[in-house]
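Enquirer: I'd like to ask some things about the structure below.
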Amino acid sequence: MRITVTVDGTSYTDDVEPRTLLVHHLRERLGKVGTVVGCDTSNCGACTVHLDGHSVKSCSVLAVQADGSEVTTVEGLARDGQLHPVQQAFHDNHALQCGFCTPGMIMQSIDLLADNPDPDEHAVREGLEGNLCRCTGYQNIVKAVRDAAHHMRPGAGPEAERVADTGSRTASSVGGGGE
Amino acid sequence: MIPAPFDYVAPSTVDDAVRALADAGEDAKVLAGGQSLLPVLRVRLAAPTKIIDLGKVAELRGVREEGDHLVIGSMTTHYEVQRDPLIAEHATLLARATDTVADPQVRHRGTFGGSLAHADPAGDLLAPALALDAEVVIQGMDGKRTATAADFFEDFFTTSLRPDEILVEVRVPKHTGWHAHYEKFNRVAQAWSMVAVAATVRTDGDAIAEAKIGLTNMSSIPMRATAVEQALVGQPATTEAIRAAAEHAAEGTNPTVDGNADVEYRQHLARVLTGRAISAAMAG
Numbered sequence: 001m002r003i004t005v006t007v008d009g010t011s012y013t014d015d016v017e018p019r020t021l022l023v024h025h026l027r028e029r030l031g032k033v034g035t036v037v038g039c040d041t042s043n044c045g046a047c048t049v050h051l052d053g054h055s056v057k058s059c060s061v062l063a064v065q066a067d068g069s070e071v072t073t074v075e076g077l078a079r080d081g082q083l084h085p086v087q088q089a090f091h092d093n094h095a096l097q098c099g100f101c102t103p104g105m106i107m108q109s110i111d112l113l114a115d116n117p118d119p120d121e122h123a124v125r126e127g128l129e130g131n132l133c134r135c136t137g138y139q140n141i142v143k144a145v146r147d148a149a150h151h152m153r154p155g156a157g158p159e160a161e162r163v164a165d166t167g168s169r170t171a172s173s174v175g176g177g178g179e
Numbered sequence: 001m002i003p004a005p006f007d008y009v010a011p012s013t014v015d016d017a018v019r020a021l022a023d024a025g026e027d028a029k030v031l032a033g034g035q036s037l038l039p040v041l042r043v044r045l046a047a048p049t050k051i052i053d054l055g056k057v058a059e060l061r062g063v064r065e066e067g068d069h070l071v072i073g074s075m076t077t078h079y080e081v082q083r084d085p086l087i088a089e090h091a092t093l094l095a096r097a098t099d100t101v102a103d104p105q106v107r108h109r110g111t112f113g114g115s116l117a118h119a120d121p122a123g124d125l126l127a128p129a130l131a132l133d134a135e136v137v138i139q140g141m142d143g144k145r146t147a148t149a150a151d152f153f154e155d156f157f158t159t160s161l162r163p164d165e166i167l168v169e170v171r172v173p174k175h176t177g178w179h180a181h182y183e184k185f186n187r188v189a190q191a192w193s194m195v196a197v198a199a200t201v202r203t204d205g206d207a208i209a210e211a212k213i214g215l216t217n218m219s220s221i222p223m224r225a226t227a228v229e230q231a232l233v234g235q236p237a238t239t240e241a242i243r244a245a246a247e248h249a250a251e252g253t254n255p256t257v258d259g260n261a262d263v264e265y266r267q268h269l270a271r272v273l274t275g276r277a278i279s280a281a282m283a284g
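Protein chains in written order, with this note's numbering: chain A, 1 to 179; chain B, 1 to 284.
Okay, structure coming up:
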């Protein structure tokens with residue numbers, strides 16, 4: 001089946017088998033290996049990407065379901081050589097140990113902040129419920145998300161402008177995406 | 001792992017989807033949000049020869065009012081249900097239960113209708129649908145029919161849907177102004193409910209006028225805690241009255257035994273969680 005998917009701003013048209021998972025399409029066909037597979041059970045969230053502006057586990061979406069959609073991976077976050085504020089906050093707060101969960105953690109954190117720009121610790125933990133860190137490094141991950149929220153708040157300066165695909169989410173756009 | 005090969009179609013209308021399903025025969029599977037189906041395909045616990053994806057059927061999405069009912073399209077996602085103003089006002093119990101489903105990524109994809117049609121006894125939306133006296137609208141080659149939630153759920157992962165039928169809408173009677181809470185017990189984040197209780201209550205002054213209580217995972221299908229509902233009518237909403245009524249919660253239940261819990265423990269949970277659910281509903 002022929003599909004066209006825009007990934008990190010570039011449109012790709014490919015023939016895929018219907019059974020191809022989105023994560024395998026991203027990694028093996030398009031070379032987007034920043035998105036990783038951490039489990040076989042849909043639990044770990046390491047493969048989280050944004051599909052039309054909403055986070056999804058790309059192991060639980062078929063590539064053919066993404067036909068005509070926009071995908072953002074962790075590789076599409078940096079702008080002009082500058083890390084996204086959430087990436088920077090993970091760096092600044094030592095929010096990774098082995099780093100394997102980090103791509104998914106960052107993508108889900110950005111989704112969380114689009115829905116709730118100023119989450120307290122509990123809200124961060126709830127928002128990251130679908131992402132597992134086997135190093136158990138949650139403490140600094142939570143710190144990083146709250147730090148990122150601080151840097152992304154309105155009026156925080158240039159960093160607040162560097163938001164990804166979810167940045168303009170409003171109540172009226174809630175119905176979009178994630179079929 | 002990757003799924004076994006299958007043919008895939010993504011029709012854009014319900015009529016086309018029903019026809020595709022009928023043509024494909026019994027080895028076909030309907031794909032809604034895919035958050036239960038794709039994990040099962042991936043580990044090859046199922047290997048349908050044809051997948052009919054409802055993702056492009058726009059008419060199956062959204063929430064509207066129809067007199068004293070809400071009509072919820074079967075492909076409305078959990079994320080949309082959580083934030084829908086009509087559901088918040090008229091079916092609060094459904095919104096609160098949906099908050100507890102899986103995790104944010106799954107709620108972006110997973111759908112209300114898909115959850116009901118999947119009929120996992122540990123699924124969190126079956127008991128609220130039953131408690132709210134919801135009806136499902138089903139479309140097949142012979143046209144549309146309606147089934148009550150009580151008739152729709154037949155057994156573990158089994159509904160009254162026939163092989164050529166698709167669940168298209170869920171009709172929920174408005175419960176405007178009812179208090180509501182969904183109390184879920186599981187051991188870790190993302191785990192299925194070991195037991196959960198859906199409670200919605202209408203008050204008249206300080207007294208409970210009417211209560212509807214649904215139990216998750218206390219049988220192969222969702223159940224109503226009828227004895228609790230009856231015991232609450234006319235009672236003051238005091239801790240003592242709620243606790244006394246909740247003592248009836250496990251009557252008639254037949255929960256599955258697994259490595260997490262035996263029958264006695266699950267029945268204990270049903271009583272405790274029912275009390276908590278009613279108290280939390282009244283406090284909310």
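Every residue, glycine too, gets a C-beta built ideally from N, C-alpha and C.
Given the structure is predicted, the values throughout are model-derived calculations rather than measurements.
#1: DSSP three-state label for Q65(A), please.
#2: Is it the case that the Cβ atoms of Y79(B) and P128(B) are separated by a distance below 8 Å?
#3: If you follow the beta strand (DSSP E) that L167(B) is in, where does it begin and where does it stop?
#4: Rounding to the nearest angstrom, what Cα-Cα distance links A51(B) and D7(B) in this structure?
#5: Between which two residues does the alpha helix (DSSP H) carrying T98(B) extend?
#6: Looking only at its own chain, which residues have a Cβ that is under 8 Å from the Cβ of T216(B), when we skip the five neighbours before and after it?
#7: Beta-carbon within less than 8 Å of A117(B)'s beta-carbon, same chain only, minus the 5 sequence neighbours each way: which residues are those?
#8: What residue range is occupied by the uninterrupted alpha helix (DSSP H) comprising V57(B)?
#9: Just how far apart, CA to CA, sit E28(A) and A66(A)?
#10: Do three or more CB pairs link the segment 223-234 of chain B to the segment 132-148 of chain B at distances below 8 Å?
#11: For D118(A), count neighbouring Cβ atoms within 10 angstroms of its own Cβ and tell me buried if that reaches 16, exposed if not.
#12: Taking contact to mean at least 3 C-beta pairs separated by less than 8 Å, is the segment 32-46 of chain B in contact with the segment 55-66 of chain A?
#13: Does any CB atom of chain C fall closer than 8 Å to the CB of S69(A)?
#14: Taking G253(B) as the reference, which of D206(B), A245(B), E264(B) and G259(B) has the closest Cα?
#15: In angstroms, rounded to a whole number, what distance separates the CA positions of T239(B) and S279(B)?
#16: Go ahead and pull the three-state DSSP assignment for F133(B).
#17: Alpha carbon to alpha carbon, how far is D262(B) from T256(B)?
#18: Are V56(A) and Q105(B) closer than 8 Å when you measure CB to CB?
#19: Would you kindly report the start and end of the unbroken alpha helix (DSSP H) that includes R19(A)?
#20: Along chain B, which residues have their Cβ under 7 Å away from the Cβ of M1(A)?
#21: Does the contact criterion of 3 or more C-beta pairs under 8 Å hold for the segment 4-22 of chain B versus the segment 82-100 of chain B?
#22: Rank T10(A), D40(A), N93(A) and Q88(A) by C-alpha distance to the C-alpha of H152(A) and give the top, closest one.
#23: Taking a Cβ distance cut-off of 8 Å, strictly less, list which residues of the segment 105-127 of chain B are near chain A, in chain order.
#24: Beta-carbon separation of G214(B) and A246(B) under 8 Å?
#25: Could you check which residue in Q190(B), L54(B) and L45(B) has the C-alpha nearest to that of E126(A)?
#26: Going by beta-carbon coordinates alone, are K174(B) and D68(B) separated by less than 8 Å?
#27: Determine the chain B residues that contact G45(A) at a beta-carbon separation under 8 Å, and present them in chain order.
#28: If you check the beta carbons only, do T4(A) and V71(A) fall under 8 Å apart?
#29: Determine, using beta carbons only, whether Q139(A) comes closer than 8 Å to chain B.
#30: Please confirm whether L113(A) has its beta-carbon closer than 8 Å to some beta-carbon of chain B.
#31: Run through chain A and tell me which residues come within less than 7 Å of V71(B), C-beta to C-beta.
#32: Are three or more beta carbon pairs between the segment 36-49 of chain A and the segment 86-104 of chain A nearer than 8 Å?
#33: Please state whether the Cβ-Cβ distance between V23(A) and S58(A) is less than 8 Å.
#34: Show which residues of chain A have a CB atom less than 7 Å away from the CB atom of P3(B).
#35: Which residues does DSSP pair with G143(B) in a beta bridge?
#36: Does any C-beta atom of chain A lie closer than 8 Å to the C-beta of G284(B)?
Expert: According to the structure data:
#1: By one-based count along the first sequence, residue 65(A) stands at place 65. The DSSP-derived three-state label of Q65(A) is helix.
#2: As a working mapping, residue 79(B) is identified with position 79 in the second sequence. As a working mapping, residue 128(B) is identified with position 128 in the second sequence. Going by C-beta atoms, Y79(B) is not nearer than 8 Å to P128(B).
#3: Here residue 167(B) refers to the residue found at position 167 when the second sequence is read from its first residue. L167(B): member of the beta strand (DSSP E) spanning I166 to P173, first to last residue.
#4: Counted from its first residue, the second sequence places residue 51(B) at position 51. Counted from its first residue, the second sequence places residue 7(B) at position 7. One detail in the question is off: residue 51(B) reads as Ile in this sequence, not Ala. Here the C-alpha atom of I51(B) lies approximately 6 Å from the C-alpha atom of D7(B).
#5: Stepping through the second sequence from its first residue, residue 98(B) is reached at position 98. For T98(B), the uninterrupted alpha helix (DSSP H) run begins and ends at T92 to D99, by DSSP.
#6: Taking the first residue of the second sequence as 1, we reach residue 216(B) at position 216. Counting only Cβ-Cβ distances below 8 Å, and skipping sequence neighbours, we find P121, A122, G123, D124, L126, A127, K184, S193, V195, A196, V197, A198 and P222.
#7: Stepping through the second sequence from its first residue, residue 117(B) is reached at position 117. For A117(B), where only same-chain residues beyond five positions count, the Cβ hits under 8 Å are V30, A32, S74, T159, L161 and L167.
#8: Within the second sequence, the letter at position 57 stands for residue 57(B). Unbroken run through V57(B): none, as it is neither H nor E.
#9: Your numbering for residue 28(A) matches position 28 in the first sequence. Your numbering for residue 66(A) matches position 66 in the first sequence. Distance between the alpha carbons of E28(A) and A66(A): 16 Å.
#10: Using a C-beta cut-off of 8 Å, the segment 223-234 of chain B makes no contact with the segment 132-148 of chain B, since fewer than three inter-stretch Cβ pairs fall below that distance.
#11: Stepping through the first sequence from its first residue, residue 118(A) is reached at position 118. Burial call: exposed.
#12: Touching, per the Cβ criterion.
#13: Absent here is chain C; the protein component of the structure consists of chains A and B.
#14: The residue you call residue 253(B) lines up with position 253 of the second sequence. Sequence inspection shows Thr at residue 253(B); the Gly mentioned does not correspond to that position. Here the closest residue by C-alpha is E264(B).
#15: Against the second sequence, residue 239(B) aligns to sequence position 239. Against the second sequence, residue 279(B) aligns to sequence position 279. Cα to Cα, T239(B) sits roughly 7 Å from S279(B).
#16: Position 133 of the second sequence holds residue 133(B). The amino acid at residue 133(B) is misidentified as Phe; the sequence shows Asp. Three-state result, D133(B): coil.
#17: For the purposes of this step, residue 262(B) is taken as the residue at position 262 of the second sequence. For the purposes of this step, residue 256(B) is taken as the residue at position 256 of the second sequence. For D262(B) and T256(B), the distance between alpha carbons rounds to 8 Å.
#18: Counting from 1 along the first sequence, the entry for residue 56(A) is found at position 56. Counting from 1 along the second sequence, the entry for residue 105(B) is found at position 105. Yes, the Cβ-Cβ distance between V56(A) and Q105(B) is below 8 Å.
#19: The residue labelled residue 19(A) in the question sits at position 19 within the first sequence. Careful: R19(A) lies outside any alpha helix (DSSP H) and carries neither H nor E.
#20: Mapped onto the first sequence, residue 1(A) falls at position 1. In chain order: Y8.
#21: Counting Cβ pairs under 8 Å, fewer than three are found: no touch.
#22: For the purposes of this step, residue 152(A) is taken as the residue at position 152 of the first sequence. At residue 152(A) the sequence reads Met, which differs from the His that was named. With distances taken between Cα atoms, M152(A) lies closest to Q88(A).
#23: Those would be Q105, V106, H108 and R109, in chain order.
#24: Here residue 214(B) corresponds to residue number 214 of the second sequence, with the count starting at 1. Here residue 246(B) corresponds to residue number 246 of the second sequence, with the count starting at 1. No. Outside cutoff.
#25: Counting from 1 along the first sequence, the entry for residue 126(A) is found at position 126. Comparing C-alpha distances from E126(A) to each of Q190(B), L54(B) and L45(B) shows the shortest one belongs to Q190(B).
#26: Working through the second sequence from its first residue, we reach residue 174(B) at position 174. Working through the second sequence from its first residue, we reach residue 68(B) at position 68. Yes, they are a contact pair.
#27: Position 45 of the first sequence, counted from the first residue, corresponds to residue 45(A). Chain-ordered, the chain B residues with CB closer than 8 Å to the CB of G45(A) read D103 and Q105.
#28: The residue given as residue 4(A) occupies position 4 in the first sequence. The residue given as residue 71(A) occupies position 71 in the first sequence. In this structure, V71(A) does not lie closer than 8 Å to T4(A) by Cβ.
#29: Along the first sequence, one-based indexing puts residue 139(A) at 139. No, no contact with chain B.
#30: For this step, residue 113(A) is matched to residue 113 along the first sequence. It does not: the Cβ of L113(A) has no partner Cβ on chain B nearer than 8 Å.
#31: For the purposes of this step, residue 71(B) is identified with residue 71 of the second sequence, where counting begins at 1. Going along chain A, no residue has its Cβ under 7 Å from V71(B), so there is no contact; the nearest lies around 16 Å.
#32: Touching, yes.
#33: Reading the first sequence from its first residue, position 23 is the one you call residue 23(A). Reading the first sequence from its first residue, position 58 is the one you call residue 58(A). The Cβ atoms of V23(A) and S58(A) lie closer than 8 Å to each other.
#34: Numbered from its first residue, the second sequence carries residue 3(B) at position 3. R19, listed in chain order.
#35: The residue given as residue 143(B) occupies position 143 in the second sequence. G143(B) pairs with G140(B).
#36: Here residue 284(B) refers to the residue found at position 284 when the second sequence is read from its first residue. Proximity of G284(B) to chain A, defined by a Cβ-Cβ separation below 8 Å, is not satisfied.
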